[in-house]
Every structure is written in structure tokens, then in C-alpha cells.
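Numbering (our numbering), first residue to last: 12 to 107. All residues carry an ideal CB built from backbone N, CA and C; glycine is no exception. See below for the structure under consideration.
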């Protein structure tokens, strides 16, 4: 295995998995509950050392894998941020 295979885990889904994932998101959006959906392209094992190393955006253009640690910080922050309600965002590494 090369180093890239060990440090990056891309999310590979079957068409059926993708369909049901998006159906679940639609159920959440139409439920009347507050939500924040954060999508990632995959995971790596390299947590960022500062919060400006990740970016949230509304499109899936130019997204790259993020660490699970960074994702957990973003999720916890979204719980406390009223402006994050009822949004669907893509998380990626920042281009620094």
C-alpha cells in the first residue's frame, strides 16, 4: 500500500446507498426540526492545528478529505451557532 492509501479514506457508496442517504436528509429537512447537515468527501488522519485550516461551503466544488477530529469540532460548534440552523454544508481543507 502506498502512503496516500493509508492517510486518506474516500467515501465510496453504491447508488442505492447514495439514494437512501439523500432520502434521509430530505426527511430531516422536512421534519420541522432544526438541523445542520455537514457533508465530507472522505477522511484523513491529519487533524488541523488551527480552526482556519477548514472551510465550510455550500457547493461540493474543490472539496478534499478532512480529519474526523476536525469534523467533530465543526459539529460541536454548529450545535452552538444559531446561524448554522437549517443548512447543508460541505466541509473541506482550506487553501492556505
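Here residue 65 really is in contact with residue 59; their C-beta atoms are around 6 Å apart, less than 8 Å. Apart from the 5 residues on each side of it in sequence, residue 71 sits with its Cβ closer than 6 Å to the Cβ of 101 in its chain, given in chain order. Contact between the stretch 35-50 and the stretch 89-100 is established, with three or more Cβ pairs separated by less than 8 Å. The C-beta distance from residue 76 to residue 53 rounds to 4 Å, short enough to meet the 8 Å contact threshold.
For residue 74, same chain residues with a beta-carbon under 6 Å away, outside a window of 5 residues either side, are 52, 101 and 103 in chain order. If you ignore the 5 residues before and after residue 27, its C-beta comes within less than 7 Å of no other C-beta in its own chain.
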